Amino acid sequence: MELSKRQEQIIEIVKENGPITGENIAERLHLTRATLRPDLAILTMAGFLEARPRVGYFFTGKTGSELLTEQIKKFKVHQFQHIPIVVKENVSVYDAISTMFLEDVGTLFVVDEDSCLTGVLSRKDLLRASIGQQDLNAVPVHIIMTRMPNITVCRKEDLLLDVAKKLINKQIDGLPVVKDVEAGLEVVGRVTKTTITKAFVELIVDDKV
1225 MELSKRQEQI
1235 IEIVKENGPI
1245 TGENIAERLH
1255 LTRATLRPDL
1265 AILTMAGFLE
1275 ARPRVGYFFT
1285 GKTGSELLTE
1295 QIKKFKVHQF
1305 QHIPIVVKEN
1315 VSVYDAISTM
1325 FLEDVGTLFV
1335 VDEDSCLTGV
1345 LSRKDLLRAS
1355 IGQQDLNAVP
1365 VHIIMTRMPN
1375 ITVCRKEDLL
1385 LDVAKKLINK
1395 QIDGLPVVKD
1405 VEAGLEVVGR
1415 VTKTTITKAF
1425 VELIVDDKV
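Using my numbering, the first residue of the sequence shown is number 1225, and each one after it goes up by one.
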């Protein structure tokens, strides 16, 4: 987070004199309490300062990079998940390839009639199936898909950082976001390497605005 000159001055005052009230900070800067209030609110919400009622402001001792790391560690899947791209088990490999191309995704999730997860299709799966002389319109995706229980999944309340580790360790492009229902695991979203990259980039960019 890039601080203004006044915000940097406030931090230095609190470092040297904390705990210190907002009124005393304002006096040292020759400003009114009302003028100072937005800066104090920003610094408190960002985690540089801690405010205690009837006591004053304390310096937390945390740097901008430490606060950024703390933010990243709090991100959860439901904040960033996208609509899942799914196909039914009896869809042909040809139609699955067309769906993957039209939706511009690297992974398709295969579901049954209850919208519950039964398999996953990657680009590699579809590429392998397309090599040879077989009629892709005649081959259903359930023949070539990766099946449960060999599928890595995540849930809405999982930490995004944990999902990133799964993607790296498993060397896969995306995970289905699921919820437990009576019929199995209902697919409710998707998280990909691109999702996570965008989330981290947006955080850093927004932090500098």
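Idealized CB from N, CA, C, for every residue including glycine.
If you're wondering where the values come from, they're calculated on a predicted model, not measured in any experiment.
Assigned with DSSP and collapsed to three states, A1407 falls in coil, not helix or strand.
Taking each of L1383, T1376, L1332 and F1424 in turn and checking the Cα distance to I1368, the smallest one comes out for L1332.
Judged by DSSP in its simplified three-state form, A1362 adopts coil rather than helix or strand. When rounded, the separation of the alpha-carbon atoms in R1252 and D1328 is 57 angstroms. Taking C-beta separations shorter than 8 angstroms and ignoring five residues to either side along the sequence, the partners of G1242 in its chain run G1280, Y1281, F1282 and F1283, following chain order.
One thing to note: V1301 has its Cβ no nearer than 8 angstroms to the Cβ of K1390. Per DSSP, V1311 lies in no alpha helix (DSSP H); the unbroken beta strand (DSSP E) holding it starts and ends at V1310 to K1312. F1325: member of the alpha helix (DSSP H) spanning V1317 to E1327, first to last residue.
Counting only unbroken stretches of 4 or more residues, the alpha helix (DSSP H) elements lying wholly within the region 1335 to 1386 are 1347 to 1354, in sequence order. The C-beta distance from R1230 to H1306 rounds to 40 angstroms, too long to fall under 8 angstroms, and the pair is not in contact. Membership of R1252 in any beta strand (DSSP E) is not indicated; the residue belongs instead to the alpha helix (DSSP H) covering G1246 to L1253.
Taking 8 angstroms as the cut-off, the Cβ atoms of G1330 and D1397 count as close. Straight-line spacing of the CA atoms in I1392 and I1249 works out to 47 angstroms.
Per DSSP, the beta-bridge partners of F1283 are L1273.
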